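Colleague: Handing you this structure, nothing more for now.
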Amino acid sequence: MLEIAKKSFSDKGYLVVKGGLNRGLLEHAQSVALEELKAACSHHSLHSSFNDNDPTEKQFHDIILSLISGTGLAPYDIQKDVWKRFIREDMPESFLSSSPIVDHLKELIGSDLQYSQGAALTISIPAGQSNSENYLFKKYHQEVWSGSSLGNVQVWTPVFQSSTDGQITVIEGSHKWGIVPNKNRQPIELPEHNETSTSLEYGDVILFHPLLLHRSSSLPEECLVRMGWPMMIRNWRYTSRPNFDERWTWKSFYSSAHSEIELALGNAYLTPYRIKDILSP
Ligand SMILES: [Fe+2]
Numbered sequence: 017m018l019e020i021a022k023k024s025f026s027d028k029g030y031l032v033v034k035g036g037l038n039r040g041l042l043e044h045a046q047s048v049a050l051e052e053l054k055a056a057c058s059h060h061s062l063h064s065s066f067n068d069n070d071p072t073e074k075q076f077h078d079i080i081l082s083l084i085s086g087t088g089l090a091p092y093d094i095q096k097d098v099w100k101r102f103i104r105e106d107m108p109e110s111f112l113s114s115s116p117i118v119d120h121l122k123e124l125i126g127s128d129l130q131y132s133q134g135a136a137l138t139i140s141i142p143a144g145q146s147n148s149e150n151y152l153f154k155k156y157h158q159e160v161w162s163g164s165s166l167g168n169v170q171v172w173t174p175v176f177q178s179s180t181d182g183q184i185t186v187i188e189g190s191h192k193w194g195i196v197p198n199k200n201r202q203p204i205e206l207p208e209h210n211e212t213s214t215s216l217e218y219g220d221v222i223l224f225h226p227l228l229l230h231r232s233s234s235l236p237e238e239c240l241v242r243m244g245w246p247m248m249i250r251n252w253r254y255t256s257r258p259n260f261d262e263r264w265t266w267k268s269f270y271s272s273a274h275s276e277i278e279l280a281l282g283n284a285y286l287t288p289y290r291i292k293d294i295l296s297p
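What follows is the structure in structure tokens.
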């Protein structure tokens, strides 16, 4: 199965792990996000912006629109506390370390894995429901434009959504085009191409190459607000990084046997009989 997934990643530039995010963790992510956002509503005295008896997707939708209109905050600023809470609760590690996600990542880029803590949850507002600036790139783009190294893998999964409409659209095979000439975060010109909608259900996770051209389609007016959970993954042992991601903050969530041995040894001089662990075998 991993071989087929690897071939999909190699040929098309992405693979989809169906049900890769387990239900328990998804529901935990939803409740944590709602908790943080309700606290934000209380802070801004927007007490009637949600009904606790509504489905979680409807509550999320109402809260986001209320926060945007009631505070003037952009979706990017609204999601910050939610993402910080995710990190505080080690949710990225739980998500990424669980099988089959870590199995696929190991198959693609090896075992010494880290995720970038400088990520942002993505909030998509349905067409016509808000005139606030959307901080997502709507046009086709490659993650390398934003500093991702070629050896990284981009991960994305939905956290709140009412349908699979208006999700990530990709151009299969574009990861083998190299760097697409761009200006102001938009391609100057694209070769003839076909578009593929990903249509991920709850729990489905897409893993894609940093050169794969992708964009978020516009969310139809009848849909509820969507929140997606993107993450950038790297193997820190890859030394060929012709880019700038060393400036970001990274956290390890999985280690190879070599790294565990290095941690036990503690230093590059291989000092014999280190005190650590000897006093308490
Ligand atoms: Fe992107």
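Each residue of the sequence shown is one higher than the one before, starting from 17 at the first, in my numbering. All residues carry an ideal CB built from backbone N, CA and C; glycine is no exception. Please read these numbers as outputs of a predicted model, since none were measured by experiment.
1) Below 8 Å, can you find three or more Cβ-Cβ pairs linking the stretch 51 to 66 to the stretch 234 to 251?
2) Does DSSP put Ser213 in a helix, in a strand, or in coil?
3) Flag Glu188 as yes when its Cβ comes closer than 7 Å to any non-hydrogen atom of ligand 1, and as no otherwise.
4) With distances taken between CB atoms, is the gap from Thr214 to Glu188 smaller than 8 Å?
5) Using DSSP with H/G/I as helix, E/B as strand and the rest coil, what is Leu83?
6) Please classify Ser24: does DSSP put it in a helix, a strand, or coil?
7) Which one or two residues does DSSP pair with Asn251 in a beta bridge?
8) Considering Cα atoms alone, identify which of Val186, Asp106 and Asp220 is closest to Leu206.
9) Just checking, does the stretch 269 to 276 make contact with the stretch 118 to 134 on the three C-beta pairs under 8 Å criterion?
10) Taking only three categories from DSSP, how would you classify His157?
11) Strictly by DSSP, which residues pair up with Asn198?
12) Which of helix, strand or coil does DSSP assign to Lys34?
13) Roughly how many whole angstroms lie between the Cα atoms of Val33 and Gly167?
14) Spatial neighbours of Leu53 within its chain, please: CB distance less than 6 Å, with the 5 preceding and 5 following residues excluded, ordered by chain position.
15) Which residues mark the beginning and the end of the beta strand (DSSP E) in which Pro174 is found?
16) If contacts are defined as beta-carbon pairs under 8 Å, then Gly35 and Gly219 qualify, I think. What distance do you get, rounded to the angstrom?
17) With a cut-off of 8 Å, do at least 3 Cβ pairs link the stretch 99 to 119 to the stretch 230 to 238?
18) Taking the DSSP output, what are the residues bridged to Ile184?
Modeller: On the basis of the data shown:
1) No: the two stretches stay apart, fewer than three of their Cβ pairs being nearer than 8 Å.
2) The three-state reading of DSSP puts Ser213 in strand, counting E and B together.
3) no
4) no
5) helix
6) helix
7) Leu129
8) Val186
9) yes
10) strand
11) Partner residues in the beta bridge of Asn198, as assigned by DSSP, are Pro203.
12) coil
13) 19 Å
14) Ile79
15) Val169 to Phe176
16) 5 Å
17) The stretch 99 to 119, when compared against the stretch 230 to 238, does not touch it at the 8 Å Cβ threshold.
18) Looking at the DSSP assignment, Ile184 forms a beta bridge with Ser232.
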